[in-house]
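Chains as they are written, first to last, in our numbering: chain B, 1074 to 1587; chain V, 1074 to 1587. Ideal Cβ positions, reconstructed from N, Cα and C, are used throughout, including at glycine. Input: a single structure, listed below in structure tokens.
Number of protein chains: 2
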Amino acid sequence: MNGAESLLRTLVNGGVRICFTNPGTSEMHFVAAADQVPEMRTVLGLFEGVCTGAADGYGRMAGKPAATLLHLGPGLGNGFANLHNARRANSPLVNIVGDHATYHLRHDPPLTSDIESIVQGFSGWVRRSRSAQDIPADAADAIRAAMTPPGGVATLILPADYSWNESRDPAPAPALPRPRPVDPATIRQTAALLRKGEPAVLFLSGSLFTEQGLRLAGRISRATGARIMGNRSVARAQRGAARVLVERLPYPVEPAMAMLKGVRHLVLAGTPPPVPFFAWPGKPDWIIPDTCRLQVLATPEEDCLAGLETLAEEVGATAEVSATDPGIRPPLPTGEITAEKVWRTLAALMPEGAIVSDEGITSSRDADGWTLGSPPHDWLNITGGAIGQGLPVATGAALACPDRKVFAMEADGSGMYTLQALWTQARERLDVVTVIFANRAYKILRGELSQMGIAAPGPKAAAMLDLGNPELDWVKLAEGMGVPASRSRTCAEFADQLRDAIQRPGPRLIEVTL
Amino acid sequence: MNGAESLLRTLVNGGVRICFTNPGTSEMHFVAAADQVPEMRTVLGLFEGVCTGAADGYGRMAGKPAATLLHLGPGLGNGFANLHNARRANSPLVNIVGDHATYHLRHDPPLTSDIESIVQGFSGWVRRSRSAQDIPADAADAIRAAMTPPGGVATLILPADYSWNESRDPAPAPALPRPRPVDPATIRQTAALLRKGEPAVLFLSGSLFTEQGLRLAGRISRATGARIMGNRSVARAQRGAARVLVERLPYPVEPAMAMLKGVRHLVLAGTPPPVPFFAWPGKPDWIIPDTCRLQVLATPEEDCLAGLETLAEEVGATAEVSATDPGIRPPLPTGEITAEKVWRTLAALMPEGAIVSDEGITSSRDADGWTLGSPPHDWLNITGGAIGQGLPVATGAALACPDRKVFAMEADGSGMYTLQALWTQARERLDVVTVIFANRAYKILRGELSQMGIAAPGPKAAAMLDLGNPELDWVKLAEGMGVPASRSRTCAEFADQLRDAIQRPGPRLIEVTL
């Protein structure tokens, strides 16, 4: 068995069943090996950022890694931004990068670059196999690294000759490390602190935005009066009617500080303290009040869920909490369309168990509130701030959950970064409805200019934030990649088109002219 | 004057007059400063790979750097592949990467990544400014580094707070280093060797594919009998009727070896020895015959052109050489359309002084021969093997040479990597005609599978090389970005559409169904 086949069989043994790829010459044996390994599904992306983002979306929803297969340093570079987002999402991901044959590297052929350095840019686990014989053990280690709590990107660099050289038998599924338990003394200390009744916040890591995590947080909150908060962007949030509400920190500094005002204890459950996304001149660089004490309940590597459970017991929070939200479906909005009405329409029509990939940026600022009453659903955010994540993540989520409807709620500027994802959705007939907020601008940057103290930008600055010249026609872009598409100019049109898109299986795009 | 304005003024002083950008929050002051510096043109790309590729194309044609302005590590990652190509092209390029404010980095906010590591992946000059006061000197050094022979990518990392902090006056244009002269003894030795009359090849670096370099090579060849060769992919080749012909090494190993068979002396003029692009199992990894002696006339850093001139004198090659090619315009082909006929049609209709950005991949394999009789033109190749270069390079070339017609000859698979370049062409009303070779496949990889010894790929492998399901509609994709487009199914249709595109100014796309 050659190295390529042993790799794929090891991945399959370890639970990795899908590979997102745009291969090149140095990966041809891996591509050929896929036909020997029926359990491994291979999905083509027309750009590597689609592959890495889709693997991220798959990992978030499946809770286990997808593989990528990328072509040398440039392929890795193209996938970089969404690997960065995946790292910030703690998504398990086995990132395979092909390289030149070992004996060929000394010639410095044109495609050679320093692959290990690029990986350092997003700080993942990285290993270069030392022989074809090592591939199975290395692949098993990569799976293990990707699944080590809290989850991450593991990069395995495979020289081409190892793919065709004789290898060993595939490795079995690796034993996966369990998260470290939270120190009981820390839990007791936290419980004592919460029992004081001083203004406290239980600040949840993304990993606790689950049915179970939220219920525990809700019980603790009910018993102690602590508020429940979390970052605005988390990898996967279970939410909707009948689920415990989390206050999400807003993006701008001032309202974030206002939300934390008066808080005396910030209990960090599996997450570092929240920080501003950027620094702005003259604005505070730290949003937590000086009078607030930070209490680390659990680090991201620890078993936050079990820690939360013990904490609930410690504070006597035994009673189940019913939803803080009545779960009433919002009515359909009417009239002229706005970003808010797009969300309210989605909230009104969304089927239960939907998945929302949210990269609406400014159009999503208050989407949280506008969709409260929707049936239970999962919400996937842009985690690392690198735009171009929404369409690929939706693609991967749809492959992980073929029975669920996926909505990619996408800003026009961000969508253009990785629009090639639409082609993969068409090819794989994925059940993804993409909604484009066509405001014809990098609208967020208009706000950022003003936040920066630049009150009256000149025409050149304004032009760099403008997407209206020429206007993008997303209906044509989608159809050009095989995705049926339409344009909504009113609430009625959007509701009709969205209803239709929800009823029909398969990909669909709706451009909403704002 | 703040750091941002001092940066732009220093760039302008140093001859940098255009900046390709997709800025973010941390670059807002740089964007705002552009309105204070009218000499700096700012061009928006909807994806950073467009920006870096356009800067490469501009550098190749202008012979001086464009600047880029990228948003943190992810923006740099998105631009990586075309920075890699630019490095291989020796294009001068000042690559500005914004970073978080210095005091904000300690918080590890979501967009943080290791920017310096990413730069190591393409091995350029890199510096992080240490204060706003340092910016002018750093920017001048970056220009100097980019212009140091043979030219390269210089990356300057600028924390956001330095853009708004008070800086110094802008720096004047830096003194640019001249290339090292070639050692006269080496030239004499080379001359003696060529005078022997043994089978010899003068192997030219890309920098010698100029009117002047080719004429010198032609004279030396006429005087000594040495053949003139070069790599298939060079950054910029001046060619066409009445210009000296260069034998270009083919991509596959066997014909490359056949071309070099019997050669006793390979004189390397400003370039390392040619190597195979990849290794293939069982195939030789070195194409130069064992009996061939390598003679380094000049390294890439040395003044190859002056060295060649002295060599011509040494061998007594004083007579001007007229073209080895008669320069007869090829006739218009007819009937069913093929890649060859696309090129022959272009050769027949191309105006003098055209610029060809060639990323046709398999469709371009023999384009050299098919376009010999065209009027003099410039030819830009994909230099680093990272696809997605052709449309951006055409964009930058059109901005460098607004009076010349640019043809982007583009494979469908490669074109999809950075199709966003079409939008920039529409916005800037650039005179670029894009021709898409729509063969609906990564056709090169079908050949690579067979070169790898995989004779009968299975259906999964075949699917990974197939772009036909669903078919891409490039007419819609182009129109979706504001570029008028049409489809050609026959030679007659293509000739009509190309003629029309040549006559009208502004961008245009023609999809040729192969």
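query: Tell me which residues share the same chain as S1186 of chain V and place their Cβ nearer than 6 Å to its Cβ, disregarding the 5 neighbours each side in the sequence.; result: G1146
query: Would A1107 of chain V pass as an interface residue toward chain B - the criterion being a Cβ-Cβ separation below 8 Å?; result: yes
query: Which residue comes first and which comes last in the alpha helix (DSSP H) that contains I1191 of chain V?; result: I1188 to Q1193
query: Taking only three categories from DSSP, how would you classify Q1368 of chain B?; result: strand
query: Assuming V1505 of chain V and A1471 of chain V are in contact, meaning their beta carbons sit under 8 Å apart, how far apart are those beta carbons, in whole angstroms?; result: 5 Å
query: Taking the CB atoms as reference points, tell me whether V1388 of chain B and F1567 of chain B lie closer together than 8 Å.; result: no
query: Answer yes or no: does any C-beta atom of chain B fall closer than 8 Å to that of G1146 of chain V?; result: yes
query: Would you check if the segment 1176-1183 of chain B and the segment 1136-1150 of chain B touch, i.e. whether three or more CB-CB distances between them fall below 8 Å?; result: no
query: Could you give the DSSP three-state label for R1519 of chain V: helix, strand or coil?; result: helix
query: What residues from the segment 1136-1165 of chain V come within 7 Å of chain B, judged by C-beta to C-beta, listed N to C?; result: G1146, P1147, G1150, N1151, F1153, A1154, H1157 and R1161
query: Do A1244 of chain B and A1273 of chain B come within 8 Å of each other at the CB atom, strictly closer than that value?; result: no
query: Quick one: is G1194 of chain V near chain B, going by C-beta distance under 8 Å?; result: yes
query: Rounded C-beta distance between T1364 of chain V and A1565 of chain V? I'm assuming under 8 Å.; result: Actually they are not in contact, since the Cβ atoms of T1364 of chain V and A1565 of chain V sit about 51 Å apart, beyond 8 Å.
query: Using the C-alpha atoms, what's the distance from G1087 of chain B back to I1434 of chain V?; result: 38 Å
query: Residues in the same chain with beta-carbon distance under 8 Å from D1376 of chain B, minus the five sequence neighbours each way, listed in chain order, please.; result: P1222, R1251, P1252, R1253, P1254 and V1255
query: By the 10 Å Cβ neighbour count, where 16 or more other Cβ atoms means buried, how is E1409 of chain B classified, buried or exposed?; result: exposed
query: Quick one: any contact between the segment 1418-1438 of chain B and the segment 1451-1466 of chain B, if contact means 3 or more CB pairs under 8 Å?; result: yes
query: Can you check whether the C-beta of L1405 of chain V is within less than 8 Å of a C-beta belonging to chain B?; result: no
query: Do you know whose CA, among V:G1279, V:R1477 and V:T1563, lies nearest T1586 of chain V's CA?; result: V:T1563
query: Any residues in the segment 1538-1557 of chain B with a beta carbon nearer than 9 Å to a beta carbon of chain V? Which ones, in chain order?; result: L1538, D1539, L1540, N1542, P1543, E1544, L1545, D1546, W1547, V1548, K1549, L1550, A1551, E1552, G1553, M1554, G1555 and V1556
query: Determine the direct distance from the alpha carbon of V1085 of chain V to that of M1113 of chain V, and round the result to whole angstroms.; result: 7 Å
query: Which chain B residues are close to H1180 of chain V, counting only those with a beta carbon under 7 Å from its beta carbon?; result: V1348
query: So what does DSSP say about C1564 of chain V, is it helix, strand or coil?; result: helix
query: Quick one: what's got a C-beta closer than 7 Å to R1241 of chain V's C-beta in the same chain, skipping five residues either side?; result: S1079, Q1206 and P1209
query: Looking at R1203 of chain B and E1189 of chain B, is the spacing between their C-beta atoms short of 8 Å?; result: no
query: I need the DSSP call for M1525 of chain V, collapsed to helix, strand or coil.; result: coil
query: For P1183 of chain B, go through chain V and note every residue whose CB falls closer than 8 Å to its CB, in chain order.; result: R1161, S1306, F1350, T1456, G1457 and G1458
query: With a cut-off of 8 Å, does the C-beta of Q1498 of chain V fall near any C-beta of chain B?; result: no
query: Could you tell me how far apart the beta carbons of L1540 of chain B and R1519 of chain B are, in whole angstroms, since I believe they sit closer than 8 Å?; result: No, L1540 of chain B and R1519 of chain B are not in contact; Cβ-Cβ is about 12 Å, not under 8 Å.
query: Would you list, in chain order, the members of the segment 1081-1097 of chain V that have their beta-carbon closer than 8 Å to a beta-carbon of chain B?; result: T1094, P1096 and G1097
query: Does the beta-carbon of G1152 of chain V have 16 or more other beta-carbons within 10 angstroms, so that it is buried, or is it exposed?; result: buried
query: Select from the segment 1226-1239 of chain V all residues with a C-beta closer than 8 Å to any C-beta belonging to chain B, and list them in chain order.; result: A1233, D1234 and W1237
query: Does I1527 of chain V get closer than 8 Å to chain B when you measure Cβ to Cβ?; result: yes
query: Sort out for me which residues DSSP pairs G1303 of chain B with in a bridge.; result: B:L1277 and B:R1321
query: If you pair each beta-carbon of the segment 1225-1232 of chain V with each one of the segment 1258-1274 of chain V, do three or more pairs fall below 8 Å?; result: no
query: Taking contact to mean 3 or more Cβ pairs, one atom from each stretch, closer than 8 Å, check whether the segment 1103-1119 of chain B and the segment 1192-1200 of chain B are in contact.; result: no
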